[in-house]
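Chains as they are written, first to last, in this note's numbering: chain A, 590 to 773; chain B, 19 to 205. Just so you know, even glycine gets a beta-carbon here, dropped at the ideal spot from N, CA and C. Remarks on the structure that follows.
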Amino acid sequence: MQVSDEALMQAIIDRRDAQAFAALYDRWSARMYRYFLRMMNRQAAKAADLTQDLFVKIIEKPHLFDPSRRFSTWLYTLAANQCKNEYRRKKLIEQVEHYPECCGDDAALQLPETLDRALLEQQLQWAICLLEEPQRQCFVLRWQEDLSIKEISEIMDCPEGTVKSRLYYALRQVSAAVRDVFVV
Amino acid sequence: MNDIILSLAQEKGFDALNGAEKELVLAEMPASEYESIHLSLATLKEMDQDVAAPPSLRATLLRHPQLQAPVSNVSVWKMPLAIAASFALGALSIAFFPIQNAAPPVEKVITQTIFQRDTVVIRDTLVRTRWRTRYVFKTDSQHFVPPIAAQVPASIYDTAVPMGKSGSAIGDTPALLDFFGLPEGRK
């Protein structure tokens, strides 16, 4: 039987268990890296840095974990706060002025099989890049990280109604960008 | 946008909807908008699925000093063997390198100033003692050997050691005293 994330986290809190940490890392690193990649305009180096910072925080400050909450919610809360700080620090949104910068540079990005598919993904990435930070957070967490509205409201520390309205506007904006190009 | 339409958009495109579903959708939005939402949601979930964190990151994080090294999987039967081996090594090291129970040697030198004028000082060593304290862990008083320092008579530390006087004191010979005080060329 697989040990729960919360039990692994408890082992890290109690005795800084390297094996428990390795298990948690293996479960969550790819997902968190993807999340940062999406939030940081596809900048692979920045996403790697933020992923490292996130896991260093788990090693150095495991006591911040509240055992009454789900590990995934706590982890995404940390990650969302990192993104918020990063936006605040670099005013990332101002950089998203033109298309090529935001739409991926990285070796980590694999081209899909068909050109249409590649264009569609690029269009979507661009549309996500243009979303404002809170809307983008909600959008990525809901439609790419597959979290529930309740979880997102906990992570972003705002009412569920606010999350729904942000999601609604974000989805309209993103789908409009796709419609302009693909849907006749 | 209501939740039913959203859940429909996650599952199927406009053409795959049945009559009632199409009506529901068209009451809310045009078919093209529904289709673009469906296309977006379907693509979003599949994006970046093969993306992973850089492989070096794991090793870097596991080297963090605050993490404890993983417990090795030593079998239970190997444990007494390991303990016995460590004891044997300890005994061998004691046998070959005995415990140092002696402190470093202490030296005491007593000198007497024979002559001093300006920067000219003539001293003579009266006593030079050198001893090493050794701790003997024996309770039997018969075998107790006092430290060497204790065996040295206290009188030798007395600076007023009687010395055999030969010749005359420099103070009694003013000519000699003047000679030492003269500049180099006039001696």
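### Task
Using the Cα positions of Ala596(A) and Ser657(A), report the straight-line distance between them to the nearest angstrom.
12 Å
### Minimum Cβ-Cβ distance from Ala70(B) to chain E less than 8 Å
Absent here is chain E; the protein component of the structure consists of chains A and B.
### Query
Taking all protein chains shown into account, do 16 or more other C-beta atoms lie within 10 angstroms of the C-beta of Ser74(B), making it buried, or fewer, making it exposed?
exposed
### Query
Are the CB atoms of Trp149(B) and Pro123(B) nearer to each other than 8 Å?
yes
### Residues of its chain near Glu125(B), where Cβ-Cβ distance is below 6 Å and the 5 sequence neighbours each way are ignored
Arg148
### Message
Need the endpoints of the alpha helix (DSSP H) that Glu125(B) sits in, please.
### Response
No alpha helix (DSSP H) contains Glu125(B), which is instead part of the beta strand (DSSP E) from Val124 to Arg135.
#### Entry: One or two residues paired with Val138(B) in a DSSP bridge
Looking at the DSSP output, Val138(B) sits in a beta bridge with Arg135(B).
#### Entry: alpha helix (DSSP H) segment containing Trp732(A), residue limits
Counting along the chain, Trp732(A) sits inside no alpha helix (DSSP H), nor does DSSP assign it H or E at all.
### Short Cβ contact (8 Å threshold) for Cys776(A) with Arg761(A)
Shown here, chain A extends from 590 to 773; a query on residue 776(A) therefore has no answer.
### Message
Does Arg755(A) come out as helix, strand or coil in the three-state DSSP assignment?
### Response
If DSSP states are grouped into helix, strand and coil, Arg755(A) belongs with the helices.
### Task
Please list, in chain order, all residues of the same chain as Leu35(B) whose beta carbon is under 8 Å from its beta carbon, the five residues on each side excluded.
Leu26 and Val43
### Task
Could you please give me the residues that DSSP links to Asp21(B) through a beta bridge?
Partner(s): none; Asp21(B) has no beta bridge.
### Task
Please check if any C-beta of chain A sits within less than 8 Å of the C-beta of Leu80(B).
Using a Cβ-Cβ cut-off of 8 Å, Leu80(B) counts as an interface residue toward chain A, since at least one Cβ of chain A sits closer than that to its own.
### Message
List, in chain order, every chain A residue whose beta-carbon is nearer than 8 Å to that of Lys63(B).
### Response
What Lys63(B) touches in chain A: Trp732, Gln733 and Asp735.
### Message
Short of 8 Å in beta carbon distance, which residues of its chain neighbour Tyr614(A), apart from the five on each side in sequence? Order them along the chain.
### Response
Closer than 8 Å at the Cβ level, and outside the excluded window around Tyr614(A), lie Phe644.
### Query
What are the start and end residues of the alpha helix (DSSP H) that includes Glu721(A)?
Where Glu721(A) is concerned, there is no enclosing alpha helix (DSSP H), given that its DSSP letter is neither H nor E.
### Query
So the alpha helix (DSSP H) Gln599(A) belongs to, where does it begin and stop?
Asp594 to Arg604
#### Entry: Thr143(B) in three-state terms, based on DSSP
strand
### Query
Cβ atoms of Leu24(B) and Val641(A): under 8 Å apart, would you say?
Residue 641(A) is actually Gln in this sequence, not Val. No, the Cβ-Cβ distance between Gln641(A) and Leu24(B) is not below 8 Å.
### Where Arg152(B) falls: helix, strand or coil (DSSP)
strand
#### Entry: Euclidean distance between Cα positions of Ile744(A) and Val729(A)
12 Å
### Query
Along chain B, which residues have their Cβ under 9 Å away from the Cβ of Glu749(A)?
Neighbours of Glu749(A) on chain B: none; closest Cβ ~12 Å, over 9 Å.
### Task
Report the rounded CA-to-CA distance for Thr131(B) versus Arg152(B), giving the unit in angstroms.
33 Å
### Task
Could you please give the first and the last residue of the uninterrupted alpha helix (DSSP H) stretch that includes Pro98(B)?
Lys96 to Phe114
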